[in-house]
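Inspection log for the structure reproduced underneath, given as structure tokens.
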Amino acid sequence: MKNRYLTFMALVGLVGSAYADSNLTQKIMDIAKERKLKPDDVLAAAQTFTPAGKEDEFVCVNSGGQAASAILYGVPSMRIYKYVPTAAHDPASGYMHDLQTRAMVRKGRMVDSQELSWADTHHPAFSETNGKYDGRYAFLNDKANPRIFVIDLKDFETKQVIHNPIFMSAHGGAFATPNTEYIVEGAQYAAPTDRKYVPLNQDNYNKHYRGGITFHKFDNEKGKIDPKKSFTVIAPPYSQDLSDAGKGESYGYSFTNSFCSERYIGTGPDGKQPPFEAGCSARDTDFMHVVHWQKAEELFKKGKFKMVNNHAVIPMDVAAKEGILFLIPEPKSPHGNDVSPDGRFIIVAGKLDTHASVYDFRKIKKLVEEKDFAGHDEYGIPILDLQKSLHGQVQVGLGPLHTQYGSEPGVVYTSLYLDSQVVKWDYINKKVLDKVSVNYNIGHLVSMQGDSVEPAGKYLIALNKLAIDRFDPVGPLLPQNHQLIDTSKPKMRVIYDLPLPLGEPHYTVCIDNKKLNPITTYPVGTDPVQMKLSPVATLKGKEKVVRNGKKVEVFGTLSRDGVVPMNVDVTQGDEVIFHLTNIEQEEGKLIKFTVNGMGVLGVFTPGKTSSLRFVASQKGSYSYSAEDISSPFGVQDFGQLNVKFDQQFENRRQEARALESEYVAALFKLPEVTKVATTEKLHPGAVKFEEYGCIGCHIHGEAETAPDLTDVTVRRSKDWIKKFVANPENYYTDPTIAPLVAKYALEMPNLEVPPEDIDLIIEYLDQFKSKK
Amino acid sequence: MKPILVALCLMLLFSACTKKTGDEQSAELSDQFVNGELSEVAKARGLKPEDLVSAVKTYNPSGALDEYLAFFGTGVSGRLAVVGMPSMKILKYVAVFSAEPWQGFAFDDESKAIIKGSAREEIEYSFGDMGTPALSLTNGTHDGRALFVADGANGRVGIVDLAEYETKQIVTHPYLRNSNADISVSANSEYVAQTTANPEIFVGTGNESRAIAGASFWRFIEKEREGHKHFFIDPSTSFTVLLPKGKQSSPAMGKGESDGLMLSITQGETPYLNVVNWKTAEGLISTKAFKVSGHFTMDEKTALASKVLARHELPAGAYKVVISGNGKYAAISNKISSNLHLLDLKALSAGTVSLANIDVGGASVDAAFTEKNLYVTVHNPNKVVRIGLSDKSVKSSHALDFPAGSIIIPEADTNKTQERYAVVVNHSPYGRFTRIGPQTGLSAHLLDIREDKISSIYDASIPQSTRLAGVVMSTTINKPIFRYKIGTDPRTGLISSYKTPSGQEKIVRDGKRVHVYATVIRSHITPDYIEVEQGDTVSIHITSNEQSRDQTHGFTIDSYNVHGSWEPGKTATVTFVADRSGVFPFYCTEFCSALHLEMQGYLLVKPMSDKNISQSDSLQKLRNNPKMKSFFNYIKGE
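Pasting the structure below:
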């Protein structure tokens, strides 16, 4: 064998040199064998491994979800590069530890009286010019405290935070129109537009609770949203969901889907109705909202709007009358509507319907122009006929959520949450082309530049919600799993699993790296928030301390040599502000500044100026230091902050602290809750039923969230029940179980219940028989 | 001749093809594959053959697990990075010293209490400067129980429970307000050692003040409580030994032959090796130490006199000390000479300072031991050298093209190490990765140390880092839980008083204090309708009744800045004042099921006039006390 190999190699040498010398080839084979890598794995390794000095092909901006920050990673290296702070404290960058970023975030507060220290970010969008990503800005929305964040791609930092004046909840944002004229933000959970208190009952909900779609005007010159030129088209309380802006043929229109046209209000004040998820899934269709924003803009310019909370609002009746808002049925509680690169088609993923519906804008436009309506909803909004609007429907699989466009004409990729797959299909010719399994339970997906007019193809990323067993476990809270898929060949292939160690990205957008041109340093004295010279910048040699009563301002400089000044004397109770400037101009010369024991922190990129404010509330001597992060040796020297004792302030401090203790003790007093007396001892099976969480879904006498287990030991044999509970996954496709999975959109999980506990539970269940 | 050769070649190729068909179908690679399909992909991407070697060394196919877990202190982010090795995938950032909304850390009441409890009165800390953590040890090896990490900026220590990857406790030194960011633990986790970095001003018993340094020993205890193993640092039996003033290095705890000793270096023109015998100190606490702010303290004079502290002069430039996992040697790095000093700890325990100087060809930055070798990162020229411990000579040297920082070797802090990988911290990774602006993190450079020749494998990007320092554990002992017993408060490990099983949800009102006992399970929040009055103080105690792996729910109330994360079985509380009337949707924030978006509810806050609020609410009166409010608003800058 070896002789043959050598001869072969020698001969190969004649026809063409081998790629690797035989040593390295053997090494690659040996290591692959040791690590149990198959040829497919090694190919994937070669497709993703990126040595130092080599840049990525694409850069992806992810929403951080509840982590608030935008997460950047590169494709195909799948290296995570940065968490871009938006709404939450980010000590690693000093965000919200300095006065400048605090002021910016505060300015974008939803209401003046509420400080916000986090956001639920969902959908990022890139700025576009002629429908192409232009690499200037990224936008991100906050679902929980409706706000939009504007991120400058010159330095990948947040520059503006603005709030939505009328929504209480906004999921369907941010989406950019083809020339970034507007950033589209759709509402989610309905609430009164003026944010006043209106008691919750069906009548009030129908009459006073509203949704809508906001169009935030983006000033492309200034790089900021202009709230004065923004407006909202009010929509019914249908729980609007995701949006997308039309382009090309559909330029001037935007599309927003919804999932609760049932206008369900939950169990209600009397708590007697079924829960939300049952009520919102009752109807077979919900509504796609088609908004002619270009026409709405004209109305806005003509002054045809109402002001609510200082914001221009186009009421529903005006929108309906003026041909601005139309509704089209969409099955069944869909998620996502995604416009094709030429703007002609809009694909809606069915979520609870196994079809993806392809709408033809040409048909929609014709219906609109000819006023060919199938009817009107209760609010007088015209409804277009579904069949007349469709290009077609394709059965794609269980739980379709989101669609992205590939670079080949007609090719799209849709995520299947329940099937845990990606389906590749042709929306023109309406046929399924390929499916690949993903691990596990994919939410959104992203193709490279997939929602622009020029999808780049090559890769797809599956944003999987559950990692389960894909990585070494790290406790009950596990990372998400983003899987990189090679779409360059007819058959899709998963080539990399990337754990997201912090946050829950909902949605991602990926841009060709060549479109980006970030800076590496700021000119000395720059305030990165304003991107201009800071009024409190200090140059080398100009350091000083300025006192004004109890306010002490230290104008200092930071460099690889440390901090100047090296000594500051203040009095207890003084308000101290360190205005610091990093005077270095070398890429990577970041300097971290802390006042030890005072909780004061600043992180300064080269050239940056920012201000750190604190109160010297306790006497003593505190060391402070500037550490050059780029140096392996750490801090060289430290300065000293001396706080002189002040009796008056000390008295005030002690008094306030005593009051606070009293308040906190009262606040966290354990409530007196009457204990429910148990006159009978609980069946051990009942204890187990609760312990394993069965009680969470299986509520005796109800069938809203899981089958009612009354009489279960009558209709099933105990042996069958035992086998099922031990391995429910073996039964998902069983003809008696599959319909239940479809009904509840849930597979019963394997809770690793030991056999003896299953027996106890069955004993307990045996007690639940219906009365004859 | 040639055509025959070509024909032969083609024949062999052809027959090789047919012969290889069997191979291609097997899981093993063939050289034809390597030089064919694989090399095409590599060439298209500009990869060299050496890169392919690195690629196969680090690639993990879906579901493959890593050999090691590296725990990195990341500096001021306050978050612990958990990285799999050799894939270098970041698995988690565990919140330790800073609030983090996705995890709910310092957003729910229970975890807020940990951060608030570590404040120095009204000075609260929203970050911590984390360096090298320490993993709990039993008989000198990793036991997988806990991880200790210091906050160098504010003089604190945090404990992360490795069964859950959750922070359970933060202790604050009562009077030493700064420390080194690195921390060290004894061989049976009796004590966690923490040293001051900068000198502190210490006010003595006679009210005179002097500058001192300090070495603190935090007592770590494990107890049984309600059938549940509970470990914690006990400040009441912890103590600090004061040292003569001076900038001090990180601590290094002895093991094996040097068990009972802690080493540190007082830096300066004449550096000193401080040898603290904590076992001796422990025995003298009741007689020779006094309490300062309630904390046992032994002053430097007493420490020297009672043989707790011994000091030895070191060569100029010595500044950092690292002890081998078996406790036999200490490596002392030198900033100005090209000599690394190797200290024999057996001799030191007997009272002799035996230093061997090893020329490493430049200033030594950091050192890490395996059983047989010592690895040192060198500055100017940048490289890593391997020194054989048997004959104390340099065995090999590997040049690095970046300023090398600390060196981290898996299990180097234990008495059994494997010579496989090393990580060198790159403080200046700019230009090595895709550029994304001025603000980036540091990089972990992975090395292969299995062969005679040390080789570089991979550059990992570790965002959120202003520092990178780590300790590495084998994944064989990583056995965290996937679920809590229903109703568990993770911070205490006990069943919470607020536990609510499904079906027993309720709303309890006590005047203007409202307690909601709620549950979450796919796909609903119960109750999904809550009505309160303006001015009410509302606590929502949520219990997750899930038990499935990876089934987490989140919760928020729009605009009230309330958020938390509920892992399977967990009970936690969010508290807020409903001071604005209106309609407030609430919902699950962590995608949990197909009907996740429908997992929602409404909070209705009925308007009440200001007059009515303050009259009926004693809690409101306390909260709005002008003296308290104005003071804390001033502190916070509001």
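Just so you know, the sequences run in chain order A and B.
Under the working numbering, the letters of the first sequence match residues 14 to 785, in that order.
Under the working numbering, the letters of the second sequence match residues 373 to 1010, in that order.
A virtual CB, placed ideally from N, CA and C, is assigned to each residue, including glycine.
Keep in mind it's a predicted model, so treat the numbers as computed, not measured.
Taking 8 Å as the cut-off, the Cβ atoms of B:Y830 and B:S558 do not count as close. Taking the C-beta atoms as reference points, A:T618 is found no nearer than 8 Å to A:S547.
Scanning B:R549, B:E409 and B:V564 for the CA closest to the CA of B:D606 turns up B:V564. Its chain contains I441 as the residues whose beta carbon lies nearer than 8 Å to that of A:P422, once the 5 sequence neighbours on both sides are disregarded; these appear in chain order. Not one beta carbon of chain A lies nearer than 8 Å to the beta carbon of B:W650. Using a CB distance cut-off of 8 Å, A:Q60 counts as an interface residue toward chain B. Non-local beta-carbon contacts of B:P775 in its own chain, meaning distances under 8 Å to residues more than five positions away in sequence, involve H751, N754, N798, H799 and S800 in chain order. Measuring C-alpha to C-alpha distances from A:V487 to each of B:Y537, B:N526, B:A585 and B:K461 identifies B:Y537 as the nearest. Counting every other CB atom within 10 Å of its CB across the protein chains shown gives A:R728 a total below 16, marking it as exposed.
Proximity to A:Q631 across A:H229, A:N655 and A:E640 peaks at A:N655, based on C-alpha coordinates.
When C-beta distances to chain A are compared with 7 Å, the residues of the region 565-587 of chain B below that value are N570 and I573, in chain order. A distance below 6 Å between beta-carbons, with the five flanking residues on each side excluded, links B:L424 to the following residues of its chain, in chain order: A414. With fewer than 16 other Cβ atoms inside 10 Å of its own Cβ, B:E493 counts as exposed.
Bounds of the beta strand (DSSP E) holding B:R451 are R451 to M457. In this structure, DSSP gives A:H711 a state outside helix and strand, which the three-state scheme calls coil. A:H135 places its beta carbon 8 Å or farther from that of A:N158. Taking C-beta separations shorter than 6 Å and ignoring five residues to either side along the sequence, the partners of B:L548 in its chain run G527, T568, E572 and G586, following chain order. Closer than 8 Å to the CB of A:K478 there is at least one CB belonging to chain B. Chain order gives the chain A residues near B:E496 as G612, where near means a beta carbon separation below 7 Å. Cα atoms of B:V904 and B:Q992: separation of roughly 15 Å, rounded to the nearest angstrom. If you check the CB distance, A:H368 and A:G336 do not come in under 8 Å. For chain B, the residues of the region 130-145 of chain A that bring a beta carbon within less than 7 Å of one of its beta carbons are S130, W131 and D133, in chain order. In this chain, the beta strand (DSSP E) harbouring B:L818 covers L814 to D820. Residue environment for B:H600: exposed (fewer than 16 other C-beta atoms within 10 angstroms of its C-beta).
Secondary structure note for B:H545: it is in no alpha helix (DSSP H), with a DSSP letter that is neither H nor E. With respect to chain A, the C-beta atom of B:Q992 has no partner C-beta closer than 8 Å. Counting the other CB atoms within 10 Å of its CB gives B:M457 a total of 16 or more, which places it among the buried residues.
Judged by DSSP secondary structure, B:A677 falls within the alpha helix (DSSP H) whose first and last residues are E672 to A677. Counting of Cβ neighbours within 10 angstroms places A:M320 among the exposed residues, the total staying below 16. Secondary structure note for B:S608: its beta strand (DSSP E) is the uninterrupted segment H600 to P616. Of all C-beta pairs linking the region 387-395 of chain A to the region 489-501 of chain A, fewer than three are shorter than 8 Å, placing the two stretches out of contact. Taken through DSSP and simplified to helix, strand or coil, A:H135 comes out as coil.
C-alpha of B:D900 to C-alpha of A:F228: approximately 31 Å in a straight line. At a cut-off of 8 Å between beta carbons, A:M42 contacts chain B. For A:Y705, the residues of chain B that pass the 9 Å Cβ criterion are I858 and Q919, in the order they occur in the chain. With a beta-carbon spacing of about 4 Å, A:A258 and A:T190 fall inside the 8 Å limit used to define contacts.
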